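Engineer: There's a structure below that I have some questions on.
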Amino acid sequence: MRQSKKTIPIPTAPTQTSGVFVWRVLLWLIFAGNSLFFLPQCLDRSLAPRFFFLSAVLLSAIFLIWKALIEKADWRLQGFDLLLLAWYGLHLASIGWALSWSEAVFYTQKVLLLWLTYWLVRQSFRSDENTTRTTLRQATTLLTFAVSGILLVQLGLVAAEHGLDNERLYALDWFLFGNKSLATEFLFFLLIFNVLFWSDKARNWASWLSVALLTALILLLQTRTVYLALAAGALVYFPLKAFWEPDFAKVFRKKILPVGFVALGLLGGFLALKGTGSSLAERLNPLTYLESATANERRFVWYKTDLLNADHFWLGVGSGSWKFWFPSKSIEGGYRLQEQNVVFTRAHNDYLEVRAEMGIVGVTLFCAVFGAIFLAIFWKLQRPETDAKTRHELLVLAAGLLGYCVIQYFDFPRERIEMQVFLAILFAFSVFHTRDLWSQMPGIFIGKFKSGFLLLAVGGLLFNLAIGWNRIQGEIHNVRMMQALIKRNFPKLLAEARAAKNRFYEYNDVAIPLDWYEGVAFYQMNQPEKSVEAFERAYRLNPWSFQVINNYASALVQAKRFSDAIPLYEKVLAINPRYEDGKYNLAYTWYLAGDNLKALDWLARMDTVANPRTEKERQKNASMQQQKTELQKLIESR
1 MRQSKKTIPI PTAPTQTSGV FVWRVLLWLI FAGNSLFFLP QCLDRSLAPR
51 FFFLSAVLLS AIFLIWKALI EKADWRLQGF DLLLLAWYGL HLASIGWALS
101 WSEAVFYTQK VLLLWLTYWL VRQSFRSDEN TTRTTLRQAT TLLTFAVSGI
151 LLVQLGLVAA EHGLDNERLY ALDWFLFGNK SLATEFLFFL LIFNVLFWSD
201 KARNWASWLS VALLTALILL LQTRTVYLAL AAGALVYFPL KAFWEPDFAK
251 VFRKKILPVG FVALGLLGGF LALKGTGSSL AERLNPLTYL ESATANERRF
301 VWYKTDLLNA DHFWLGVGSG SWKFWFPSKS IEGGYRLQEQ NVVFTRAHND
351 YLEVRAEMGI VGVTLFCAVF GAIFLAIFWK LQRPETDAKT RHELLVLAAG
401 LLGYCVIQYF DFPRERIEMQ VFLAILFAFS VFHTRDLWSQ MPGIFIGKFK
451 SGFLLLAVGG LLFNLAIGWN RIQGEIHNVR MMQALIKRNF PKLLAEARAA
501 KNRFYEYNDV AIPLDWYEGV AFYQMNQPEK SVEAFERAYR LNPWSFQVIN
551 NYASALVQAK RFSDAIPLYE KVLAINPRYE DGKYNLAYTW YLAGDNLKAL
601 DWLARMDTVA NPRTEKERQK NASMQQQKTE LQKLIESR
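Residue numbers for the sequence shown follow our numbering, beginning at 1 and rising by one.
Here is the structure:
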């Protein structure tokens, strides 16, 4: 009997599953796509757009890998997961006592993005460590050269015309980032990720070029906070690596330490010879910081925030509410705040801002999140089974997280979406490396509720899309509104202010309610009653903005409601005793109310800018003196 010939299948190369592909795309979009995404039509080109973009990416990812998550995800919430969830839960609760609902939910839902990004990246490491590493490394390389190229062009254009003057650099249009400081902080985290993945690849010329390029850009951008973060990271990485690795200890003692001492000596000599002779020299010199205008201003803001904290000890003023409450303690003593109408919307210290918004409960939880991850890293470092590659990565993660902690002491990375993505990935990588410890600690298994958990995540992200979309639309109309104000097109100003305002967007970028612009439009169009109504709504939204209160009072004067206007002008001057327009307005209102003595008393309190340094200040003094003289003649002629 003839036997049929058996065919032997030819082995084929394994194909990439759709699940792995989705994870790769997700990581690319979270890390690289989100960092480069911006909308030029918005007032802040990256904040609300990246909030919306990241929410859309995470939502799409959950739908696409729903089945894989249900079947293979780690459904035990580890201790660190619960800490971050508690942090989000406190934000949710604080919406109830926050001054502004629209700002509170925006700030709160950023924490949801931090948590979900962390959780999904942790699941990615658990599902396929090699793919996750490769994808993050490739995204890091792309971001390094893309961002460095853009910044080099910008720096070159500025340097060719003005040199590397810090003031010129700060005034530059940093279209991918909020400002120069945030751009430099972004470079710092790119440097951390480049060093983090060194053990995964051969250290070729591209690797060294990336590190050298990022370090040089950090130096040239002259951000003291990042200098300090870089120094803190180096002081953690090199000594601890030398302590645990005898082979590296020899290199550390014979090469790195001598080079470091020589560099410090050269820097010290440079600063001694030219410590105040140029912008770069002054920024490198730590001794110049304490006497700088920046340091004095921040000390003032921190002092006033401490006064606010004393009144709201346990739970704070609510998520996103510091910027409204801060002027309630008076801005007397803050030169730019009083004389130049500069408005601080961040405390430039995330610890202090958390203390103000979440109280002592919140700042304790906030510090516990970072404390827990540092303790876990150092637990893993001292384990005898920890290999050299893992130890290198743990030390880099510790350096990066310490740098983040330094940065948030002087700045506000908590606000920016790209910084929260960096933080989420650092957290996820750290928890993955220390999973043995977390598995031994208490946790909560939610396997029975995994579908419900994912549905809650989907609901939160859908809510984020609504927030992000409305804020983007509001910002686009806000830009047009400001253009109409500059052109004094008041009907257009009114229309754009109304179009900009929605349930999720009620303020501009300096915490001025959009209703205030409606009030300005009605006031200029000689519609006093409507103006009063609009300013009253603005006053309820921000009861400590002296600009808002002053205009509300002026509208009441126009409506001949003098007795209502006078207490508001007095509140203006309690907040800003140097607000000379407020003194003039109060004097004029007392004159209209028929009290000449009080009118003259307030007129006598008007003062000019002491030692005017600019033409604008001299013009302001002349205008003020003319107004004062004319009103005095009017009062005396009665």
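Glycine included, C-beta positions come from ideal geometry on N, C-alpha and C. All of these numbers come straight from a predicted model, not from anything done at the bench.
Would you kindly check if the distance between the Cβ of Glu418 and the Cβ of Ser35 is under 7 Å?
Structural biologist: For Ser35 and Glu418, yes; Cβs fall inside 7 Å.
Engineer: With H, G and I counted as helix, E and B as strand and the rest as coil, what does DSSP make of Pro49?
Structural biologist: In this structure, Pro49 counts as helix in the three-state DSSP scheme.
Engineer: Using the rule of at least 16 other Cβ atoms within 10 Å of the residue's Cβ for burial, across every protein chain shown, is Glu615 buried or exposed?
Structural biologist: Answer is exposed; the Cβ neighbour count stays below 16.
Engineer: When DSSP builds the beta bridges, which residues end up paired with Ile444?
Structural biologist: In the DSSP output, where bridge partners are listed per residue, Ile444 has Leu77.
Engineer: Name the two residues that bound the continuous alpha helix (DSSP H) containing Tyr227.
Structural biologist: It spans 224–244 - the alpha helix (DSSP H) in which Tyr227 sits, taken as one unbroken run.
Engineer: Should Ile635 and Asn596 be called a contact, given that it needs their Cβ atoms to be closer than 7 Å?
Structural biologist: Contact: yes.
Engineer: Phe535 and Asn551 - do their beta-carbons sit closer together than 7 Å?
Structural biologist: Yes.
Engineer: Buried or exposed: which applies to Ala318, given that a residue is buried once 16 or more other Cβ atoms fall within 10 Å of its Cβ?
Structural biologist: The question names Ala, yet the displayed sequence has Gly at residue 318. Buried, by the Cβ-count rule.
Engineer: Quick one: grab the DSSP three-state call for Tyr579.
Structural biologist: Looking at Tyr579 - three-state DSSP - the assignment turns out to be coil, as it is neither helix nor strand.
Engineer: Let me check one thing: in DSSP terms, what residues is Asn502 bridge-paired to?
Structural biologist: According to DSSP, Asn502 bridges with Tyr505.
Engineer: Do Ala457 and Thr117 come within 7 Å of each other at the CB atom, strictly closer than that value?
Structural biologist: Their beta carbons are not under 7 Å apart, which means Thr117 does not touch Ala457 by this criterion.
Engineer: What's the gap between the Cα of Val121 and the Cα of Leu27?
Structural biologist: Cα-Cα distance, rounded: 8 Å.
Engineer: Rounded to whole angstroms, what is the Cα-Cα separation between Leu461 and Gly89?
Structural biologist: For Leu461 and Gly89, the distance between alpha carbons rounds to 16 Å.
Engineer: By how many angstroms is the C-alpha of Ala86 removed from the C-alpha of Gly79?
Structural biologist: Each residue's Cα considered, the two are about 11 Å apart.
Engineer: For the alpha helix (DSSP H) holding Gln123, just list the boundary residues, first then last.
Structural biologist: 101–127 is the extent of the alpha helix (DSSP H) around Gln123.
Engineer: For Pro513, list the residues DSSP reports as bridge partners.
Structural biologist: BP columns for Pro513 point to Tyr507.
Engineer: With a threshold of 7 Å on Cβ separation, who are the neighbours of Val369 within its own chain once the five nearest residues in sequence on each side are excluded?
Structural biologist: Within the same chain, Val369 has close Cβ partners Leu83, Leu84, Trp87.
Engineer: Determine, using beta carbons only, whether Asn166 and Gln222 come nearer to each other than 7 Å.
Structural biologist: Closer than 7 Å, so yes.
Engineer: Does DSSP put Glu332 in a helix, a strand or coil?
Structural biologist: In this structure, Glu332 counts as coil in the three-state DSSP scheme.
Engineer: Checking 7 Å against the spacing of the C-beta atoms, do Gly316 and Ala356 come in under that value?
Structural biologist: Result yes, Cβ atoms of Gly316 and Ala356 sit closer than 7 Å.
Engineer: With a floor of 4 residues, list each alpha helix (DSSP H) that falls wholly inside the region 399–453, ordered by position along the chain.
Structural biologist: The region 399–453 contains these whole alpha helix (DSSP H) runs: 417–433, 435–440.
Engineer: I need the boundaries of the alpha helix (DSSP H) containing Arg618, first residue and last residue.
Structural biologist: Its alpha helix (DSSP H) spans residues 615–636.
Engineer: In chain order, what residues of the same chain have a beta carbon less than 6 Å from the beta carbon of Ser328, not counting five sequence neighbours either side?
Structural biologist: Here the set comprises Trp544.
Engineer: Looking only at its own chain, which residues have a Cβ that is under 7 Å from the Cβ of Ile360, when we skip the five neighbours before and after it?
Structural biologist: So the list reads Phe313, Trp314, once near-sequence residues are dropped.
Engineer: Label Gly334 either buried or exposed according to how many other C-beta atoms from any shown protein chain fall within 10 Å of its C-beta, with 16 as the threshold for buried.
Structural biologist: Under this definition Gly334 is a buried residue.
Engineer: Taking just the CA atoms, how far does Ala484 sit from Met358?
Structural biologist: Those two C-alpha atoms are separated by around 38 Å.
Engineer: If you draw a straight line from the C-alpha of Lys72 to the C-alpha of Ser127, how long is it?
Structural biologist: Going from the Cα of Lys72 to the Cα of Ser127 covers about 8 Å.
Engineer: With distance defined between alpha-carbon atoms, name the residue in Asp581, Gln340, Arg24 nearest to Met624.
Structural biologist: Met624 has its Cα closest to that of Asp581, out of Asp581, Gln340, Arg24.
Engineer: Alpha carbon to alpha carbon, how far is Val479 from Leu43?
Structural biologist: So the alpha carbons of these two residues sit roughly 6 Å apart.
Engineer: Please state the DSSP three-state secondary structure of Arg24.
Structural biologist: Of the three classes helix, strand and coil, the one that applies to Arg24 here is helix, per DSSP.
Engineer: What separation, rounded to the nearest whole angstrom, lies between the Cα atoms of Ile192 and Ala234?
Structural biologist: Taking the straight line from one Cα to the other gives about 11 Å.
Engineer: In whole angstroms, what is the alpha-carbon distance linking Thr7 and Phe21?
Structural biologist: Its pLDDT being 43, under 50, Thr7 is placed unreliably in this model, and the coordinates cannot settle the point.
Engineer: Please report the residue range of the alpha helix (DSSP H) in which Ile549 lies.
Structural biologist: Its alpha helix (DSSP H) spans residues 546–558.
Engineer: For Phe445 versus Arg76, is the C-beta spacing smaller than 7 Å?
Structural biologist: Yes, Cβ-Cβ distance for Phe445 and Arg76 is below 7 Å.
Engineer: Let me know if Glu496 comes out buried or exposed under the rule of 16 or more other beta-carbons within 10 Å of its beta-carbon.
Structural biologist: When all chains shown are included, Glu496 counts as buried.
Engineer: Are the region 385–394 and the region 236–246 in contact at 8 Å, needing three or more beta carbon pairs?
Structural biologist: Judged by Cβ distances under 8 Å, the region 385–394 makes contact with the region 236–246, as three or more pairs qualify.
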